[in-house]
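Structure first, then comments.
Number of protein chains: 2
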Amino acid sequence: MKRKITLKQIAKELDVSISTVSKSLRNSLEIGEETRLKVQAFAKFYNYKPNNIALSLKNRKTKSIGIIIPEIVHYFFSTVINGIEQVANENGYSVVICLSDDSFDKEVLNMEMLANGSIDGFIMSLSKETQYKGDFHHITEVINQGMPVVMFDRVTNDILCDKVIIDDKAAAYEAVQSLIDNGRKKIALVTTVDYVSVGKLRTDGYEKALLDNGLPFNEDLIIKIEDVDTCEITISELLHARAFDAVFAVNELFAVTIIKTASKMGLKVPEDLAVIAFTDGIISKYSTPSITTVSQSGEKMGNKAAKMLIERLEAEHNDDEEENENYTTEVIETHLIKRESTD
Amino acid sequence: MKRKITLKQIAKELDVSISTVSKSLRNSLEIGEETRLKVQAFAKFYNYKPNNIALSLKNRKTKSIGIIIPEIVHYFFSTVINGIEQVANENGYSVVICLSDDSFDKEVLNMEMLANGSIDGFIMSLSKETQYKGDFHHITEVINQGMPVVMFDRVTNDILCDKVIIDDKAAAYEAVQSLIDNGRKKIALVTTVDYVSVGKLRTDGYEKALLDNGLPFNEDLIIKIEDVDTCEITISELLHARAFDAVFAVNELFAVTIIKTASKMGLKVPEDLAVIAFTDGIISKYSTPSITTVSQSGEKMGNKAAKMLIERLEAEHNDDEEENENYTTEVIETHLIKRESTD
Numbered sequence: 001m002k003r004k005i006t007l008k009q010i011a012k013e014l015d016v017s018i019s020t021v022s023k024s025l026r027n028s029l030e031i032g033e034e035t036r037l038k039v040q041a042f043a044k045f046y047n048y049k050p051n052n053i054a055l056s057l058k059n060r061k062t063k064s065i066g067i068i069i070p071e072i073v074h075y076f077f078s079t080v081i082n083g084i085e086q087v088a089n090e091n092g093y094s095v096v097i098c099l100s101d102d103s104f105d106k107e108v109l110n111m112e113m114l115a116n117g118s119i120d121g122f123i124m125s126l127s128k129e130t131q132y133k134g135d136f137h138h139i140t141e142v143i144n145q146g147m148p149v150v151m152f153d154r155v156t157n158d159i160l161c162d163k164v165i166i167d168d169k170a171a172a173y174e175a176v177q178s179l180i181d182n183g184r185k186k187i188a189l190v191t192t193v194d195y196v197s198v199g200k201l202r203t204d205g206y207e208k209a210l211l212d213n214g215l216p217f218n219e220d221l222i223i224k225i226e227d228v229d230t231c232e233i234t235i236s237e238l239l240h241a242r243a244f245d246a247v248f249a250v251n252e253l254f255a256v257t258i259i260k261t262a263s264k265m266g267l268k269v270p271e272d273l274a275v276i277a278f279t280d281g282i283i284s285k286y287s288t289p290s291i292t293t294v295s296q297s298g299e300k301m302g303n304k305a306a307k308m309l310i311e312r313l314e315a316e317h318n319d320d321e322e323e324n325e326n327y328t329t330e331v332i333e334t335h336l337i338k339r340e341s342t343d
Numbered sequence: 001m002k003r004k005i006t007l008k009q010i011a012k013e014l015d016v017s018i019s020t021v022s023k024s025l026r027n028s029l030e031i032g033e034e035t036r037l038k039v040q041a042f043a044k045f046y047n048y049k050p051n052n053i054a055l056s057l058k059n060r061k062t063k064s065i066g067i068i069i070p071e072i073v074h075y076f077f078s079t080v081i082n083g084i085e086q087v088a089n090e091n092g093y094s095v096v097i098c099l100s101d102d103s104f105d106k107e108v109l110n111m112e113m114l115a116n117g118s119i120d121g122f123i124m125s126l127s128k129e130t131q132y133k134g135d136f137h138h139i140t141e142v143i144n145q146g147m148p149v150v151m152f153d154r155v156t157n158d159i160l161c162d163k164v165i166i167d168d169k170a171a172a173y174e175a176v177q178s179l180i181d182n183g184r185k186k187i188a189l190v191t192t193v194d195y196v197s198v199g200k201l202r203t204d205g206y207e208k209a210l211l212d213n214g215l216p217f218n219e220d221l222i223i224k225i226e227d228v229d230t231c232e233i234t235i236s237e238l239l240h241a242r243a244f245d246a247v248f249a250v251n252e253l254f255a256v257t258i259i260k261t262a263s264k265m266g267l268k269v270p271e272d273l274a275v276i277a278f279t280d281g282i283i284s285k286y287s288t289p290s291i292t293t294v295s296q297s298g299e300k301m302g303n304k305a306a307k308m309l310i311e312r313l314e315a316e317h318n319d320d321e322e323e324n325e326n327y328t329t330e331v332i333e334t335h336l337i338k339r340e341s342t343d
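Sequence order for the protein chains is B and E. Note that UniProt numbering gives residue 58 to position 58 of the first sequence, counting from 1, and the numbers run on in steps of one. Note that UniProt numbering gives residue 14 to position 14 of the second sequence, counting from 1, and the numbers run on in steps of one.
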């Protein structure tokens, strides 16, 4: 990734504070002439391009955090938001939320809107379209303006920033291993047709668990579903053929639909078909039978993301010259919540 | 409600545009001296107190809408947000969301934060605590600054503004009537222990349906539940006593918990116990048996609220002097979605 020079880097190079750089670039007379001219010359040499509004508001800390998430109906994102709110409120920060609707354009527009002085930093999960396009310029831009970003769940290696993820591969591995431990041999993976990075990792974990246990990896048992409406038809055909005796579904809507389809066909869950879902939501808890899930620990993820962002903001706020840009990626542990849909 | 004079009223009284008033109050030389002094004198006489930041930003339209809702895990609010986003995006508006967590203080802080130049107007549903306190000064303030507010679902008569509601009383009446039509005689109302206005209206509708059908209204059958955890215990005692043969629950979490409790006791739904829930969410759709619900039409509610707000914003934008302050309250129709939990 090619990086433009940031306010922060200018400050570091010239051994002055960020506000000194900011004020010098606005030609503020608060800064002595020598420093001012040095900063301006340096910025010009490195072709520094500020966002004017953000620059002028640089020193007006809003004590607000912006969240950008793909959707709101998804229970997982609700729990992450609750986790962020807890830590933010404890630390005197407000939270504003924008939805990208899994659209690249909406993600860009929302970030631009919030970056213009409404918030101090972002916590975000990428839209599907952004991941598909691989275009992250809008995120690079806000980071280059000195606005910290923490990514969670749907992240990218192309952006250097703090990240909070779960080990999707290990989580999928654990789920599939538990099905194998219970004697299941034909385990289907029911997943989405999309470009979300986590889907790939879950598939890898599924495959590794099978191979480690000497079971065949059969491409036909990876069932890609367009949406919940087509789920029932696809699943019902495969169930008729008795193609599998266990299912690992990447979300709970697929899992509950599979259980309903199996019940209609007279199959018993878990006797004839064991089911595990990714994401521990309210459907899994309240369906009959209740569904064994891999908990994504959304609240913990939100807690951690907020903590990372606020620490970075407070470090900036103290104009801590020693603040490093060694970004970290926190891996939140998942765990299997056993319920009635497995043995 | 005692009203302070607003920018808009000053403009109307003096037959000038809102921006003329705004600029005059900032003593802008763009406005002729005579008008400027007249506006200032008028504002002083009526003790007009502007919010300075909002005033200075008055003419910087953000093309953003702020939503304040009590919580995000609630499916109903998610659907309202989706409805707002649709209409907002079609009209080139962005949407930012803040959660009050049903706390008065958070509601006030979030409104203050957003009113300071981030958005053009609000769509909001009151927090429980705000309804309990009956303190709406924060809403009056933003309205007095000339920032339109549309309330939905949890509204108050103490604020004059546009509102979108459902007829909670009629909706409850319809649900209870349908249970009576199916021969149920002992119908329980399972509700929350709180101060939300809609709870009262639903109870009224429940009572009216019973009395209109010559059935006794028995206070003991109004079951007030603290939270979902206590729901199971309370319900199980009453089911043992066979105190009722049908339930109208004010949310789907209560409804699904009641069904699970009844199943554990060997009771059949709907044969031994018919169940209807308020709010059509994913739990009702995917539970076994699926649950008959009163659809609150969240998406329609969101569509309507966004339409009302944008119309008011665009009217302001055109400095339409004829713009009236005749606020309207739109009533969105509900309907019963019949599923397996009733006959």
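Cβ coordinates follow ideal geometry from the N, Cα and C atoms, glycine included.
So the candidates are THR293(B), THR329(B) and GLY281(B); which of them puts its Cα closest to the Cα of SER78(B)? Of the candidates THR293(B), THR329(B) and GLY281(B), the residue whose Cα lies closest to the Cα of SER78(B) is GLY281(B).
Within 8 Å, do at least three Cβ pairs link the stretch 324 to 337 of chain B to the stretch 16 to 24 of chain E? No, the stretch 16 to 24 of chain E is not in contact with the stretch 324 to 337 of chain B.
What residues from chain B crowd round MET301(E), counting only those whose CB sits closer than 8 Å? Residues of chain B with a Cβ closer than 8 Å to the Cβ of MET301(E) do not exist; the shortest Cβ-Cβ separation is about 15 Å.
Exposed or buried, what is GLY183(B) when buried is set at 16 or more other beta-carbons lying within 10 Å of its beta-carbon? Around the beta carbon of GLY183(B), fewer than 16 other beta carbons sit within 10 angstroms, so the residue counts as exposed.
Beta carbon proximity, THR293(B) to chain E, threshold 7 Å: Taking 7 Å as the CB threshold, THR293(B) stays off the interface with chain E.
Where LYS63(B) falls: helix, strand or coil (DSSP): Correct three-state label for LYS63(B): coil.
What does residue 385(E) reach in chain B if we use C-beta pairs closer than 7 Å? What is shown of chain E runs 1 to 343, which leaves residue 385(E) out entirely.
State the Cα-Cα distance for the pair ASP153(E) and ASN303(E), rounded to the nearest angstrom. CA-CA distance, ASP153(E) to ASN303(E), rounds to 13 Å.
Quick check on this structure: which residue in ILE139(B), GLN131(B) and MET147(B) has the alpha carbon closest to the alpha carbon of ALA315(B)? When only C-alpha atoms are compared, the closest one is MET147(B).
Selection of the stretch 216 to 249 of chain E by Cβ proximity to chain B, strictly under 7 Å: Residues of the stretch 216 to 249 of chain E with a C-beta less than 7 Å from any C-beta of chain B: none at all.
Straight-line CA distance for VAL247(E) to THR257(E)? Cα to Cα, VAL247(E) sits roughly 12 Å from THR257(E).
7 Å is my cut-off, CB to CB: does VAL275(B) come that close to chain E? It does not; no Cβ of chain E falls within 7 Å.
Proximity of LEU253(E) and ALA262(E) at Cβ, strictly below 7 Å: For LEU253(E) and ALA262(E), no; Cβs fall outside 7 Å.
Distance cutoff 7 Å, beta carbons only. Does TYR327(B) sit that close to anything in chain E? Cβ-Cβ to chain E under 7 Å: no for TYR327(B).
Return the CA-CA distance between ASN47(E) and ALA41(E), expressed in angstroms with no decimal places. Rounded to the nearest angstrom, the two C-alpha atoms are 10 Å apart.
Can you tell me whether DSSP reads ILE233(B) as helix, strand or coil? Residue state, collapsed to three classes: helix.
Listed from N- to C-terminal order along the chain, which residues in the stretch 128 to 143 of chain B have their beta-carbon within a distance smaller than 8 Å of any beta-carbon of chain E? Look at the stretch 128 to 143 of chain B: it has no residue with a C-beta under 8 Å from a C-beta of chain E.
What separation, rounded to the nearest whole angstrom, lies between the Cα atoms of LYS186(B) and ARG312(E)? Taken atom to atom, the span from the alpha-carbon of LYS186(B) to that of ARG312(E) is near 60 Å.
Given a threshold of 16 other Cβ atoms within 10 Å of its Cβ, counted over all protein chains shown, does ASN102(B) qualify as buried or as exposed? Rather than Asn, the amino acid found at residue 102(B) in this sequence is Asp. Classification for ASP102(B): buried.
Is there a C-beta anywhere in chain B that falls below 7 Å from the one on SER103(E)? It does not: the Cβ of SER103(E) has no partner Cβ on chain B nearer than 7 Å.
Is LYS268(B) buried or exposed, if buried means 16 or more other CB atoms sit within 10 Å of its CB? LYS268(B) is classed as exposed because its beta carbon has fewer than 16 other beta carbons within 10 Å across all chains shown.
Return the chain-ordered list of same chain residues with a C-beta closer than 6 Å to the C-beta of SER284(E), the five sequence neighbours on each side being excluded. Taken in chain order, the residues that qualify are GLU252, ALA277, ILE291 and THR293.
Whether or not the stretch 58 to 77 of chain E and the stretch 75 to 94 of chain B are in contact is what I'm after, with contact meaning three or more pairs of Cβ atoms, one per stretch, closer than 8 Å; do they touch? Taking 8 Å as the limit for Cβ pairs, the verdict is that the stretch 58 to 77 of chain E does touch the stretch 75 to 94 of chain B.
Taking the C-alpha atoms as reference points, what is the distance between THR328(E) and MET151(E)? Taking C-alpha positions only, THR328(E) is separated from MET151(E) by approximately 11 Å.
Return the Cβ separation of ILE31(E) and VAL96(B) in integer angstroms, given the expectation that the two are a contact with Cβ distance under 8 Å. 34 Å between Cβ atoms; not a contact.
I want to verify the contact list: residues of chain E whose CB lies under 8 Å from the CB of residue 353(B), in sequence order. For chain B, the structure presents residues 1 to 343; residue 353(B) sits outside this window and is missing.
Mark THR230(E) as exposed unless 16 or more other C-beta atoms lie within 10 angstroms of its C-beta, in which case mark it buried. Residue environment: THR230(E) is assigned as exposed (fewer than 16 neighbouring CB atoms within 10 Å of its CB, all protein chains considered).
With which residues is HIS74(B) paired in a DSSP beta bridge? DSSP, once it has assigned bridges, lists no residue as partnering HIS74(B).
For LEU57(B), which residues of its own chain have a beta-carbon under 6 Å away from its beta-carbon, when the five flanking residues on both sides are left out? Legend: pLDDT at LEU57(B) = 44, less than 50; position of this residue unreliable, value from coordinates given subsequently. Closer than 6 Å at the Cβ level, and outside the excluded window around LEU57(B), lie GLY117.
On the three-state DSSP scale, how would you describe VAL250(E)? Of the three classes helix, strand and coil, the one that applies to VAL250(E) here is coil, per DSSP.
Three-state class that DSSP yields for ILE119(E) in the structure shown: If DSSP states are grouped into helix, strand and coil, ILE119(E) belongs with coil.
Could you check if MET301(B) is buried or exposed, using at least 16 other CB atoms within 10 Å of its CB as the buried criterion? Residue environment: MET301(B) is assigned as buried (16 or more neighbouring CB atoms within 10 Å of its CB, all protein chains considered).
Taking only three categories from DSSP, how would you classify GLU90(B)? Reduced to three states, the DSSP call for GLU90(B) is helix.
In the DSSP assignment, find the beta strand (DSSP E) that holds ASP162(E) and state where it starts and stops. Element bounds for ASP162(E): 162 to 166.
Whole-number beta carbon distance between VAL190(B) and VAL142(B), since they are thought to touch under 8 Å: With a Cβ gap of about 36 Å, VAL142(B) and VAL190(B) do not count as contacting.
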